[in-house]
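K.L.:
Mapping the sequence shown onto UniProt numbering, position 284 (from 1) lands on 284, and the numbers just tick up by one.
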Amino acid sequence: MPRLGFAALADLPAAHRPLVDPRALGTGIVHLGIGAFHRAHQAVFTEEAVAAAGGDWGICGVTQRSRGVIDQLRPQDGLYAVLVRGEQTSVRVAGAVRDLLFAAEEGERLQALLAAPATRLVTLTVTEKGYRHDPATGRLRLSDPDVAADLAGGAPPRTVVGQLVRGLQARRAADAGPITLLSCDNLPANGEVLRGLVSDFCAALPAAEGEPLAAWIGESVSFPSSMVDRIVPATTDDDRAEAARLLGFSDEGVVVTEPFRQWVVEDRFAAGRPAWERAGAVLTGDVAPYEAMKLRLLNGSHSTLAYLGALAGHEHVADAMADPGIAGVVAHLMADDVEPTLAVPDGYDVAAYQRELIERFHNPALRHRTVQIAMDGTQKLPQRLLGTIRDRLAAGAEPRWACLGVAAWMRYVWTAPAVDDPMADRLRTLTADAATPRAVVEALLSLEEVFGAELPADGRFRDLVTDSLEALMKGGVAAATAG
Ligand code: CS2
Numbered sequence: 001m002p003r004l005g006f007a008a009l010a011d012l013p014a015a016h017r018p019l020v021d022p023r024a025l026g027t028g029i030v031h032l033g034i035g036a037f038h039r040a041h042q043a044v045f046t047e048e049a050v051a052a053a054g055g056d057w058g059i060c061g062v063t064q065r066s067r068g069v070i071d072q073l074r075p076q077d078g079l080y081a082v083l084v085r086g087e088q089t090s091v092r093v094a095g096a097v098r099d100l101l102f103a104a105e106e107g108e109r110l111q112a113l114l115a116a117p118a119t120r121l122v123t124l125t126v127t128e129k130g131y132r133h134d135p136a137t138g139r140l141r142l143s144d145p146d147v148a149a150d151l152a153g154g155a156p157p158r159t160v161v162g163q164l165v166r167g168l169q170a171r172r173a174a175d176a177g178p179i180t181l182l183s184c185d186n187l188p189a190n191g192e193v194l195r196g197l198v199s200d201f202c203a204a205l206p207a208a209e210g211e212p213l214a215a216w217i218g219e220s221v222s223f224p225s226s227m228v229d230r231i232v233p234a235t236t237d238d239d240r241a242e243a244a245r246l247l248g249f250s251d252e253g254v255v256v257t258e259p260f261r262q263w264v265v266e267d268r269f270a271a272g273r274p275a276w277e278r279a280g281a282v283l284t285g286d287v288a289p290y291e292a293m294k295l296r297l298l299n300g301s302h303s304t305l306a307y308l309g310a311l312a313g314h315e316h317v318a319d320a321m322a323d324p325g326i327a328g329v330v331a332h333l334m335a336d337d338v339e340p341t342l343a344v345p346d347g348y349d350v351a352a353y354q355r356e357l358i359e360r361f362h363n364p365a366l367r368h369r370t371v372q373i374a375m376d377g378t379q380k381l382p383q384r385l386l387g388t389i390r391d392r393l394a395a396g397a398e399p400r401w402a403c404l405g406v407a408a409w410m411r412y413v414w415t416a417p418a419v420d421d422p423m424a425d426r427l428r429t430l431t432a433d434a435a436t437p438r439a440v441v442e443a444l445l446s447l448e449e450v451f452g453a454e455l456p457a458d459g460r461f462r463d464l465v466t467d468s469l470e471a472l473m474k475g476g477v478a479a480a481t482a483g
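#1: Relative to the C-alpha of residue 484, which residue among GLY309, ARG438, SER90 is closest?
#2: As a quick exercise: from VAL93, THR436, ALA149, SER66, pick the residue whose alpha carbon is nearest that of ALA78.
#3: For the stretch 42-70, which segments carrying the beta strand (DSSP E) assignment without a break, of at least 3 residues, lie completely within its bounds, in sequence order?
#4: Let me check you understand the geometry: is the CB of GLN354 closer than 7 angstroms to at least one non-hydrogen atom of the ligand CS2?
#5: Among the residues of its own chain, which have a CB less than 7 angstroms from the CB of ARG74, if the five just before and after it don't count?
#6: Tell me the residue span of the alpha helix (DSSP H) that contains ILE179.
#7: Who are the near neighbours of PRO456 in its chain, counting only those whose CB is closer than 6 angstroms to its CB and skipping five residues on each side?
#8: Quick one: Cα of GLN111 to Cα of GLY167, how far?
#9: What does ALA368 pair with, by DSSP beta-bridge criteria?
#10: So who's on the other strand from GLU379, going by DSSP bridges?
#11: DSSP state of THR481, grouped into three classes?
#12: Can you tell me the Cα-Cα spacing of GLY35 and GLU211, whole angstroms?
#13: With distances taken between CB atoms, is the gap from LEU194 to LEU181 smaller than 8 angstroms?
#14: I'd like to know if the stretch 393-406 and the stretch 362-371 are in contact, where contact means that at least 3 CB-CB pairs between them fall below 8 angstroms.
#15: Leaving out five residues before and five after ALA471 in sequence, what residues of the same chain have Cβ atoms less than 6 angstroms from its Cβ?
#16: Quick one: residues in its chain with C-beta nearer than 8 angstroms to the C-beta of TYR412, no 5 flanking neighbours on either side, listed in chain order?
#17: Taking all protein chains shown into account, decide if ASP150 is buried (16 or more other Cβ within 10 angstroms of its Cβ) or exposed.
#18: Nearer than 7 angstroms: is that true of the beta carbon of ASP319 relative to any heavy atom of the ligand CS2?
#19: For the ligand CS2, any of its heavy atoms closer than 7 angstroms to the Cβ of LYS129?
#20: Within 10 angstroms of the Cβ of TYR348, are there 16 or more other Cβ atoms? Answer buried if so, exposed if not.
#21: Can you find the residues in the same chain that come closer than 7 angstroms, C-beta to C-beta, to ASP185, ignoring five residues on each side of it along the sequence?
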C-alpha cells in the first residue's frame, strides 16, 4: 500500500483531505513535544483557524529524545490522519504540521528557528516532568544535572527551559521581535509556571548575561496560560490498520481520539496568533477557573480510575468504568470532593460537565490504557488530587474519595512490578522496608516535592489515606470502593 504524503493528496476523497493546502502554508509556530496529543488537539484547532481566517501558522514539531515521530512523519511530508472514535468513526488527514525537528541532533537549527522573525509563537506539550520543576514550589530544579549543563552552556541545551532561554537569547541578539510562549500542559497556571522557570534560569546565569536578557523577556515575551482537553490514547496497530483501510494509504503517524475537544486560552499574545476562536477555542482573560475544573474533575478522576483500574486488573479506562465500585468512586469524587472546591465560571453547568465526563470515560471505542495514565504519578498528584484535598480539609470536610485516589497510587507504586515515574528509584527505596500500610503512608508522605510540608502533618489526611490503603490491602479494590 502506498504511504501517505503530498503525492497522495489528489487521490484522497475530499472529506479526508486537509482543510488547508499544506504545500502553501508557511511556518509560524514552533511546537515543543510533538506527541499524539498535540497532533490531535492544537494542530487540529490551528488548521481549522487557518482554513477560516488565513495566516502563516504552519507548525514545526520538535521532539526531544526519541526520533520516533520524525521517522513517522518526515517520509509523509508531515501529514498524518486523525481518527475520531465516537458513535461513528471518522478520519481526516491533518495538514498544519509543516516541518519536524529532532532536538537531540538538531539543537542549532532549533535555536535558529526560535530566533527567526517568522516564528511568532512557541507552544509546548512536554508533559509535567518536562518542566524540570519542583511541583510543590514551582521552582526550577537547579540541582538537575541537565539544567546545570544548560546553564553552563557550550553545548546545545537539553532541557525545555534551557532551549527556550537560549533561543530567546539568540532572538534578542538577532533583534527578531516579540514572541509568545504558550504552555499547553496539564499544570495549573501553566503560563505563569513557565514564566517563573524562564526567570529562574535567567537568574542563575551570570548577572551580566542574565539580567539584560530577563529585562528583554519582560518587555518582549508573553506567557499566556491555557487549558487543553481531548482524550488521546496511544495509537495501536489496529488503529493504523483501520486508518489505512479508510484512506487507502498507509500512515505511520495516525492519531486516535474522541469527538470532544476543548481549548481555553488566555488572550495575551505578544506577536499575534491563529484565529483559534474560529475553530471553537475560548479566548478569555482568566483561564484559572477552567483549569481547576478540568484538572480536578477530569484528570483527578482519570488518575484515580487509572490506579484503581490497574490494581483491579482492568486494562482500559472503559473497562474500569464498567466496574460499578470504581464508577461510583469517580462520581463521588467529582460531586462530593471536587465540586465544592471550584469557582465555576458564570453560566457554566458543572453538573452537565460531570455527566459528560462520565460518558467520555465510558467511550468503548477508545482503548485508553490505565497504565498509560498511571505513569508519572509524582508529577500529577499535586494538581489532580492534592489541591482538592487541601481545600476540603481547610473547609473542615473529609475528602475521602480523593484520599482513596492517593491511597490507590501508594498501593500501585508499592506493589506494581514496574513503575514509570521520574522518581521511581526513590519510590522504590522509600517503600522497600515498609511492612504495613501505615509505614507505606509515612514513607511516601515524606516526599516533600510532591506533598509539601503541611499536608503530611495533618492527621486527618494521614488517617484517611491510611484507612483506604488498609482497605485496599485487606479486601482489594472491591472492598475499598464498596461505598
Ligand atoms: C490523562 C490525560 O494521561 C493522562 O494523565 O489524564 O492525558 C488526559 O487524557 C487529558 O488531559 C485529557 O484532556
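We put the beta carbon where it would ideally sit given N, CA and C, even for glycine.
P.N.:
Quick answer:
#1: The chain is shown only over 1 to 483; residue 484 falls outside these bounds and no answer can be derived.
#2: For this step, residue 78 is matched to residue 78 along the sequence shown. In the sequence as presented, Ala is not what sits at residue 78; that position holds Gly. Nearest option by C-alpha distance: VAL93.
#3: Complete beta strand (DSSP E) runs here, min 3: 58-63.
#4: Residue 354 sits at position 354 when you count from the first residue of the sequence shown. Result no, Cβ not under 7 angstroms from the ligand CS2.
#5: Here residue 74 refers to the residue found at position 74 of the sequence shown. Counting only Cβ-Cβ distances below 7 angstroms, and skipping sequence neighbours, we find LEU100.
#6: Position 179 of the sequence shown, counted from the start, is the residue given in the question as residue 179. First-last for ILE179: 179-183, but that is the beta strand (DSSP E), not the alpha helix (DSSP H).
#7: Counting from 1 along the sequence shown, the entry for residue 456 is found at position 456. Cβ within range, chain order: LEU445.
#8: Along the sequence shown, one-based indexing puts residue 111 at 111. Along the sequence shown, one-based indexing puts residue 167 at 167. Roughly 5 angstroms separates the two Cα atoms.
#9: Here residue 368 refers to the residue found at position 368 when the sequence shown is read from its first residue. The identity of residue 368 in the sequence shown is His, whereas the question assumes Ala. DSSP lists no partner for HIS368.
#10: Along the sequence shown, read from residue 1 onward, the residue named residue 379 stands at position 379. The question names Glu, but residue 379 in the sequence shown is Gln. Beta-bridge analysis with DSSP links GLN379 to no other residue.
#11: Translated into the one-based positions of the sequence shown, residue 481 becomes position 481. Here DSSP, grouped into helix, strand and coil, assigns THR481 to coil.
#12: Looking up residue 35 in the sequence shown gives position 35. Looking up residue 211 in the sequence shown gives position 211. Rounded to whole angstroms, GLY35 to GLU211 spans 34 angstroms at the Cα level.
#13: Here residue 194 refers to the residue found at position 194 of the sequence shown. Here residue 181 refers to the residue found at position 181 of the sequence shown. Cβ distance < 8 angstroms, so LEU194 and LEU181 count as in contact.
#14: Contact between the stretch 393-406 and the stretch 362-371 is absent, because fewer than three Cβ pairs lie under 8 angstroms.
#15: Within the sequence shown, the letter at position 471 stands for residue 471. Apart from the 5 residues on each side of it in sequence, ALA471 sits with its Cβ closer than 6 angstroms to the Cβ of ALA479, ALA480 in its chain, given in chain order.
#16: Numbered from its first residue, the sequence shown carries residue 412 at position 412. Sequence-distant partners of TYR412 (beyond 5 residues in either direction) whose C-beta falls short of 8 angstroms from its own C-beta, in its chain, are TYR307, ALA310, LEU311, ALA374, GLY377, VAL419.
#17: Translated into the one-based positions of the sequence shown, residue 150 becomes position 150. With a threshold of 16 other beta carbon atoms within 10 Å, ASP150 meets it and is buried.
#18: Locating residue 319 in the sequence shown gives position 319, where the first residue counts as 1. No, Cβ of ASP319 sits at least 7 angstroms from all heavy atoms of the ligand CS2.
#19: The sequence position of residue 129 within the sequence shown is 129, counting from 1. No - the ligand CS2 has no heavy atom lying nearer than 7 angstroms to the Cβ of LYS129.
#20: For the purposes of this step, residue 348 is identified with residue 348 of the sequence shown, where counting begins at 1. With fewer than 16 Cβ atoms within 10 Å of its Cβ, TYR348 is classed as exposed.
#21: By one-based count along the sequence shown, residue 185 stands at place 185. So the qualifying residues of the chain are LEU124, THR125, VAL126, THR127, GLU128.
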